[in-house]
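> Numbering-wise (the working numbering), the first sequence opens with residue 107 and increments by one.
Every residue, glycine too, gets a C-beta built ideally from N, C-alpha and C.
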Amino acid sequence: MNFFEQVYAIALKIPHGRVTSYGAIAAAIGSKGSSRMVGYAMAESHHHENRIPAHRVVNRNGILTGKHHFGIENEMQKRLESEGHIIVDDKIKGFSEAFWDPMTELGL
DNA sequence: GGTGTGACCAGCT
DNA sequence: AAGCTGGCCACAC
């Protein structure tokens, strides 16, 4: 299983209405410093057959750093809002409560 | 196969 | 407080 597949496998497990961070995913696949690659994987995620819920992955502060990669302006924000999140100034309000840590939740 | 480029992050100055 | 650096690893050229 290559790096990308591991990233996608975790991303697909993010529960509806929850979010996680690049760093958390990187740590969960045992490559803590590779959060950049997680972001890169997300950017390429549309190539993947399964739909990756990339909008549920933000940076460690809950900021929507990757919103531009959705093609449509505010698409990422709209998807998050439709899942019950509140976005203020490109940042998820209550991020720490909505945060889903793959390491903890998947029992790694 | 070297080099540059990322949706990042932590640590240092 | 804001900027720089190094680490990480896949990919395109």
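1) Report the option in Y128, V194, E187, H152 whose CA atom is closest to the CA atom of H175.
2) Check whether the Cβ atoms of A117 and V164 lie closer than 8 Å to each other.
3) Going by the beta-carbon positions, is the gap between V144 and I198 smaller than 8 Å?
4) Which one of H191, P121, Q112, E179 has the shortest CA to CA distance from M148?
5) Assign L214 to buried or exposed, taking buried as 16 or more other Cβ atoms, counted over all protein chains shown, within 10 Å of its Cβ.
6) Considering only the beta carbon of each residue, do I158 and Y128 sit closer than 8 Å?
The answer reads as follows:
1) In the first sequence, the residue the question calls residue 175 occupies position 69. H175 has its Cα closest to that of H152, out of Y128, V194, E187, H152.
2) For the purposes of this step, residue 117 is identified with residue 11 of the first sequence, where counting begins at 1. For the purposes of this step, residue 164 is identified with residue 58 of the first sequence, where counting begins at 1. Contact: no.
3) Position 38 of the first sequence, counted from the start, is the residue given in the question as residue 144. Position 92 of the first sequence, counted from the start, is the residue given in the question as residue 198. No, these two residues do not count as a Cβ contact at 8 Å.
4) Here the question's residue 148 lines up with position 42 in the first sequence. Selected option, being the one with the closest Cα: Q112.
5) The residue you call residue 214 lines up with position 108 of the first sequence. Per the 10 Å Cβ criterion, exposed.
6) Position 52 of the first sequence holds residue 158. Position 22 of the first sequence holds residue 128. No; because the gap between Cβ atoms is not below 8 Å, this pair is not in contact.
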